[in-house]
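Student: In UniProt numbering, the protein residues as written are 1 to 323.
Note that beta-carbon positions come from the ideal geometry of N, C-alpha and C, so glycine has one too.
Dropping a structure here in structure tokens format, bear with me for questions.
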């Protein structure tokens, strides 16, 4: 199985500059404020997660430990529609009978409310992406190279990389196809305890440096640097950005499709309902583009038949090829 050999390189300079604050790569900025030096952006990607990144002990191998799965999702909207997101969420909460609460917490909804929310999201002018990582094969793994470089969250950074590779490719192709003058993506992360977003930014700055020098590790894909600037990265609590609540819907829907430990039996219908908004890749398929299963190859992943159901729906074939 292929996994990240490193989520941080052997150059300390980028990480050190970021951690010391000399590069303002990740900021918490009041709404509507933009520095003059920031690139103008055309897309906004809201990113949230479900499950946790812990690897020391992983259920069900260990009776007590971290979640078997972690899902990381993104909701991408055009800048011109970003101001509509608050209204979209308000409309959805009214439809599920929560008119006095304009914040969506997917895990707190009833099954009927969950399917309604997903069906409503599937009608919105946006694009969705998700990484679903089964962590059993990573139990106890340590990335010593990343640790030596000071990275405490290499696994999370790796999942973010997988997501950003697809998001930036989609936005680059969209902007090129439509002849847009603006093409950058602004990334808005949902704040989660324990994550250092400056470390994530430093890791991607390092990837950019490595790609320019031809030294990128695991280079099947690489982010489209033409549409990225980590002057365009922010993070907020989930409840402060409506777009992050939509990202929670996506992450939680796919988490419930694969989890059979915490949320009950696997329930793929919510993630299936989102299908119209999941982005197509260059080959007109969602497999390994907007729906990303890790680790690879998929036929070696040790998961149950009910966990495979959602991935089969999105084009995965778990039969080992006959070469």
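Considering only DSSP beta bridges, list what residue 369 is partnered with.
Tutor: There is simply no residue 369 to check, as the chain begins at 1 and stops at 323 in what is shown.
Student: Kindly provide the ranges of any alpha helix (DSSP H) runs that are 4 or more residues long and lie completely inside the segment 57-118, ordered along the chain.
Tutor: The segment 57-118 contains these whole alpha helix (DSSP H) runs: 79-82, 85-95.
Student: Going along the chain, which unbroken runs of the alpha helix (DSSP H) with 4 or more residues stay wholly within the segment 230-310?
Tutor: Counting only runs of 4 or more, we get 242-258, 269-273.
Student: What's the call for residue 83, buried or exposed, on a 16-neighbour Cβ count within 10 Å?
Tutor: Translated into positions along the chain shown, residue 83 becomes position 83. Residue 83 comes out exposed.
Student: I'd like to check one pair, residue 170 with residue 251: are the Cβ atoms closer than 7 Å?
Tutor: Within the chain shown, numbered from 1, the residue matching residue 251 stands at position 251. Within the chain shown, numbered from 1, the residue matching residue 170 stands at position 170. The answer is no: Cβ separation not under 7 Å.
Student: Tell me whether residue 178 is buried or exposed, calling it buried when 16 or more other Cβ atoms sit within 10 Å of its Cβ.
Tutor: As a position in the chain shown, residue 178 is number 178, starting the count at 1. The residue is exposed, with fewer than 16 neighbouring Cβ atoms inside 10 Å.
Student: Measure from the alpha carbon of residue 248 to the alpha carbon of each residue in 70, 106, 78, then state which is nearest.
Tutor: Against the chain shown, residue 248 aligns to sequence position 248. The shortest Cα separation from residue 248 among 70, 106, 78 belongs to 106.
Student: Following the continuous alpha helix (DSSP H) through residue 172, name the residue where it begins and the one where it ends.
Tutor: Within the chain shown, the letter at position 172 stands for residue 172. Element bounds for residue 172: 154-177.
Student: Quick one, are the C-beta atoms of residue 77 and residue 44 less than 7 Å apart?
Tutor: Working through the chain shown from its first residue, we reach residue 77 at position 77. Working through the chain shown from its first residue, we reach residue 44 at position 44. Yes, Cβ-Cβ distance for residue 77 and residue 44 is below 7 Å.
Student: Less than 7 Å between the beta carbons of residue 261 and residue 57, yes or no?
Tutor: On the chain shown, position 261 is the one that residue 261 refers to. On the chain shown, position 57 is the one that residue 57 refers to. Cβ distance not < 7 Å, so residue 261 and residue 57 don't count as in contact.
Student: Go ahead and pull the three-state DSSP assignment for residue 183.
Tutor: Reading the chain shown from its first residue, position 183 is the one you call residue 183. If DSSP states are grouped into helix, strand and coil, residue 183 belongs with coil.
Student: Closest to residue 80 by CA distance: which of 104, 50, 40, 96 is it?
Tutor: Stepping through the chain shown from its first residue, residue 80 is reached at position 80. Comparing Cα positions, the closest option is 40.
Student: Quick one: what's got a C-beta closer than 6 Å to residue 363's C-beta in the same chain, skipping five residues either side?
Tutor: No information on residue 363 is available, as it lies outside the stretch 1 to 323 that the chain covers here.
Student: For residue 49, collect the residues of the same chain with a Cβ closer than 6 Å to its Cβ; drop the 5 residues on either side in sequence, then sort them by chain order.
Tutor: Mapped onto the chain shown, residue 49 falls at position 49. Cβ within range, chain order: 72, 251.
Student: If we count the other Cβ atoms within 10 Å of its Cβ and call it buried at 16 or more, is residue 304 buried or exposed?
Tutor: One-based indexing of the chain shown puts residue 304 at position 304. Exposed, by the Cβ-count rule.
Student: With DSSP run on the structure shown, which of helix, strand or coil describes residue 150?
Tutor: The sequence position of residue 150 within the chain shown is 150, counting from 1. Only weak support exists for where residue 150 lies, its pLDDT of 45 falling under 50; the coordinates are left without a value.
Student: How about residue 128 and residue 312: do their beta carbons lie closer than 7 Å?
Tutor: Taking the first residue of the chain shown as position 1, residue 128 is located at position 128. Taking the first residue of the chain shown as position 1, residue 312 is located at position 312. Cβ atoms of residue 128 and residue 312: not closer than 7 Å.
Student: How long is the line joining the alpha carbons of residue 181 and residue 89, rounded to whole angstroms?
Tutor: In the chain shown, the residue the question calls residue 181 occupies position 181. In the chain shown, the residue the question calls residue 89 occupies position 89. The alpha-carbon atoms of residue 181 and residue 89 are separated by roughly 29 Å.
Student: Can you give me the Cβ contacts of residue 253 inside the same chain, cut-off strictly under 8 Å, excluding the 5 residues immediately before and after it?
Tutor: Translated into positions along the chain shown, residue 253 becomes position 253. Hits under 8 Å: 106, 114, 118, 270, 271, 273, 274.
Student: Measure the Cβ-Cβ separation of residue 244 and residue 235 and say whether it is below 7 Å.
Tutor: Counting from 1 along the chain shown, the entry for residue 244 is found at position 244. Counting from 1 along the chain shown, the entry for residue 235 is found at position 235. No; because the gap between Cβ atoms is not below 7 Å, this pair is not in contact.
Student: Enumerate in chain order the residues of its own chain whose CB-to-CB distance from residue 54 is below 6 Å, with the five nearest sequence positions on each side excluded.
Tutor: If you number the chain shown from 1, residue 54 lands on position 54. Excluding positions up to five away in sequence, the list reads 66.
Student: If you reduce the DSSP assignment to three classes, tell me which class residue 127 lands in.
Tutor: By 1-based counting over the chain shown, the position of residue 127 is 127. In this structure, residue 127 counts as strand in the three-state DSSP scheme.
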